[in-house]
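Just so you know, the protein sequences line up as chains P and W, in that order.
When you number the first sequence by this note's numbering, it's gap-free, plus one each residue, and the end is 256.
When you number the second sequence by this note's numbering, it's gap-free, plus one each residue, and the end is 333.
By construction, the Cβ of each residue, glycine as well, lies at the ideal position given by its N, Cα and C atoms.
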Amino acid sequence: MHPLEVCSASFGYGARPVLHGVSLSVAAGEFVAVVGPNGSGKSTLMRLMAGLERPASGTVRVMGRDIATFSRRRFARHVALLTQGSGVPQAMVARDMVAMGRHCHQGFLNRRSAADDDVIDAALAEMEVADLALRRMGELSGGQVQRMRMAMVLAQGGEVLLLDEPTTFLDLRHQYGLLRRAKRAARDGRAVVAVLHDFTQASIYADRIALMQDGRMVGVGTPAGVLTEAAIHRVFGVRTHGVRIQGAVIHLPVDR
Amino acid sequence: MILRTGPFSAQVSRRFLWALPVLLAAVAALVWIAIGAGATPTTATERLSALRGEGLIGDLRRPRILVALLGGAMTAASGIILQTVSRNGLADPGLLGLSQGSVVAILIGGLVFGLGSGALVWVGLGGALAVSVLVLGLGRGTLAGGGIVLVGLAVNIVLGSVTEIVMTSGDATRFARLAVWSRGSLAGVSAGDLRLIAVWALVTVPLLLALSRHLAPLLLGHDAARGVGVDTRRLLPALVLLAAALSAPVVVVCGPISFLGLIAGYVARRLVGDAPTEVLVTGMILGGGILLLADTAGRAALAPLVVPAGLMTSVAGVVVFLLAIAADRRLNR
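What follows is the structure, given as structure tokens:
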């Protein structure tokens with residue numbers, strides 16, 4: 001049993017179909033990057049895995065259990081989701097926002113246990129933002145905000161970590177930093193899935209690549225196995241020359 | 001600052017611990033002034049016995065003061081809920097049209113069907129709910145932007161003209177009576193009104209405080225809130241219902257008190273930050289204090305001229321509204 005299993009899931013917004021029988025299993029300790037062109041269904045697949053949408057057919061299972069049977073609170077204890085940037089409360093103290101990751105572990109009378117605080121401190125340290133913890137969110141830069149959001153989902157815990165385009169607002173250093181943290185989370189035993197735009201980055205950090213096109217999964221496997229010149233041409237419509245450097249797959253456009 | 005004993009724990013900010021006693025003291029001072037304010041001067045002993053509900057002043061001013069405190073707190077709470085749900089600091093039951101929805105429903109229920117004030121709360125609640133569903137539904141795509149306020153404004157204009165039509169279609173005495181109520185006034189408050197408000201406060205406020213733990217994640221956006229374990233599909237309708245149930249009884253008794261939720265929410269966030277439970281408690285104390293101040297100033301400061309409390313809060317509200325927009329622009333650059 002894998003922590004996260006998507007079995008031939010289909011989904012559409014109204015009459016417009018977006019996913020056609022997509023399957024993907026993610027093992028504990030594995031980092032899978034979902035890549036594909038705009039509109040290929042990456043983010044929709046993410047929404048299904050996060051339980052934000054229900055598949056029209058097929059199932060999504062977390063820890064072997066159909067996610068339709070979880071309450072939101074139970075589900076959040078297993079699956080943490082970093083959403084695409086959607087604004088943060090400007091006047092809130094950063095540490096209080098990170099603490100919201102613990103929401104699903106708290107109750108009416110137990111609003112902040114000592115264990116919560118330890119986890120929050122560890123997450124702040126992991127993202128190297130401990131020194132900013134008492135600042136208000138509105139005072140932080142875009143990169144710092146994103147690292148705080150990542151600290152929040154790390155503090156949430158659980159066996160599955162979902163990252164929807166986590167590097168979008170970051171400069172290069174923090175892009176790599178965040179992906180390294182994601183990989184470390186996988187090494188600590190979580191199943192990590194990230195939607196990424198840059199497949200070179202994906203090839204550097206991910207154990208496996210899930211390549212999507214027009215709502216279908218067209219390739220799942222090692223970066224070198226999936227990100228071939230033929231596949232890139234077929235999916236992205238560009239002719240490239242592929243180079244491999246220390247496990248990374250780099251594609252240079254041919255008609256420069 | 002975090003408080004823990006055994007399995008129980010809670011988080012309190014230092015600013016909240018400062019603000020709470022200061023605000024409570026200010027409200028107490030305000031009550032002392034309000035019970036004495038009037039045409040004839042009162043001694044300290046007279047004020048004390050009036051506060052206990054004795055004598056003519058006690059009969060008249062005590063319920064009026066308590067209704068101002070409770071009604072102001074409830075209106076403020078309603079506004080702060082709407083601000084959190086819509087992620088828009090400018091939301092307010094008056095501005096979004098909930099109060100006006102209650103007004104129209106109450107006018108129709110009272111004038112056409114001749115209902116009493118107990119039943120009118122339910123009618124007003126229905127009006128507020130209908131408007132909140134309409135406004136939050138129409139403004140859904142633009143919840144975080146200013147869109148929802150524009151939708152509320154449009155609904156307000158339409159419902160306002162319905163109110164005018166109903167008011168001007170009767171005789172002059174009815175018009176005079178309704179004109180005062182529809183501007184938001186505590187002039188006619190009785191002990192029965194106090195009971196009505198108190199019952200609704202007893203039901204809604206504990207429910208709100210129990211739910212307040214889930215308010216903070218809503219500020220992250222609905223997807224992220226669900227991600228951290230908040231069932232927004234159940235929570236959001238419950239909160240909208242609660243916002244309507246907090247504002248409707250106040251409208252029945254005092255008429256629509258516009259901008260109070262906006263002022264209280266804005267000032268509370270300035271004082272204690274962005275933790276919704278603290279903003280709620282602070283905002284409710286502020287709301288009660290501000291409505292009492294507006295009512296007392298409206299009847300005593302410009303005497304013999306009497307200005308309805310709703311007009312006083314509207315004037316103060318416009319100032320805060322502009323300040324909030326300016327501050328918003330600074331934050332969003």
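- Contacts with chain W (Cβ-Cβ distance below 7 angstroms) from the segment 146-165 of chain P involve GLN156, listed in chain order.
- Contact check for W:ALA73 against W:GLY288 passes: the beta carbons are separated by less than 9 angstroms.
- Within chain P, the residues whose beta carbon sits less than 9 angstroms from that of W:LEU220 are THR83, SER86, GLY87, VAL88, PRO89, MET97, MET100, ARG149, MET152, listed in sequence order.
- Listed along chain W, no residue sits closer than 9 angstroms to P:LEU45 by beta-carbon distance, the nearest being about 15 angstroms off.
- The three-state reading of DSSP puts W:MET284 in helix, counting H, G and I together.
- Around the CB of W:ILE35, 16 or more other CB atoms lie within 10 Å, so the residue is classed as buried.
- For the segment 228-250 of chain W, residues whose beta-carbon sits nearer than 7 angstroms to a beta-carbon of chain P comprise VAL228, GLY229, VAL230, ASP231.
- For the pair of segments examined, the segment 100-108 of chain P was found to touch the segment 153-160 of chain P: the number of CB pairs separated by less than 8 angstroms reaches three.
- If you look at W:GLN100, you'll find it in the alpha helix (DSSP H) that goes 98-107.
- In the three-state DSSP reduction, W:LEU293 falls in the helix class (H, G or I).
- The alpha-carbon of W:TYR266 is positioned some 45 angstroms away from that of P:TYR205.
- Taking each of P:ARG187, P:SER113, P:LEU170 in turn and checking the Cα distance to P:LEU196, the smallest one comes out for P:LEU170.
- The three-state secondary structure of P:HIS251, taken from DSSP, is strand.
- Residue burial is scored here from C-beta neighbours: P:VAL32 has at least 16 other C-beta atoms within 10 angstroms and is therefore classed as buried.
- The beta carbon of W:ARG226 is closer than 7 angstroms to those of THR232 in its chain, skipping five residues each way along the sequence.
- By the CB criterion at 9 angstroms, P:LEU24 and P:VAL6 fall inside the cutoff.
- Boundaries of the beta strand (DSSP E) harbouring P:VAL193: 191-195, taken from the DSSP string.
- Remark: C-beta atoms of W:ILE157 and W:SER86 do not approach each other more closely than 9 angstroms.
- By the CB criterion at 9 angstroms, P:LEU211 and P:ALA194 fall outside the cutoff.
- Looking only at W:ARG52, W:PRO63, W:VAL320, W:GLY38, the smallest Cα-Cα distance to W:GLY188 is reached by W:PRO63.
- By a beta-carbon distance limit of 8 angstroms, P:ASP96 contacts W:ALA275. Their separation comes to about 6 angstroms.
- Counting C-beta atoms within 10 angstroms of its own C-beta, W:PHE16 has 16 or more neighbours from the protein chains shown and is therefore classed as buried.
- Taking 4 residues as the minimum length, the alpha helix (DSSP H) runs contained wholly in the segment 222-272 of chain W are 222-227, 232-254, 260-272, in order along the chain.
- Going by DSSP, P:GLY221 is part of the beta strand (DSSP E) stretching over 216-221.
- Shortest Cα-Cα distance from P:ARG16 to any of P:GLY237, P:SER40, P:GLU139 involves P:SER40.
- Of all residues in the segment 100-131 of chain W, none comes within less than 9 angstroms of chain P when Cβ atoms are compared.
- A distance below 7 angstroms between beta-carbons, with the five flanking residues on each side excluded, links P:ARG54 to the following residues of its chain, in chain order: ALA68.
- In this structure, DSSP gives P:GLU165 a state outside helix and strand, which the three-state scheme calls coil.
- Residue environment: W:PHE321 is assigned as buried (16 or more neighbouring CB atoms within 10 Å of its CB, all protein chains considered).
- Collapsing the DSSP output to three states places P:ASP131 in a helix.
- Look at P:GLU5 here: in three-state DSSP terms it is strand.
- In summary, no residue of the segment 49-77 of chain W has a CB separated from any CB of chain P by less than 8 angstroms.
- Interface annotation for the segment 108-131 of chain P against chain W: PHE108, LEU109, ASN110, ARG111, ARG112, SER113, ALA114, ASP116, ASP117, criterion Cβ-Cβ distance under 9 angstroms.
- Excluding five sequence positions before and after P:GLY215, the CB atoms of its chain that fall closer than 6 angstroms to its own CB belong to VAL18, LEU19, HIS20, GLY41, given in chain order.
- Between the segment 242-252 of chain W and the segment 94-105 of chain W, the count of Cβ pairs shorter than 8 angstroms is three or higher; the stretches touch.
- Secondary structure note for P:GLN144: its alpha helix (DSSP H) is the uninterrupted segment 142-156.
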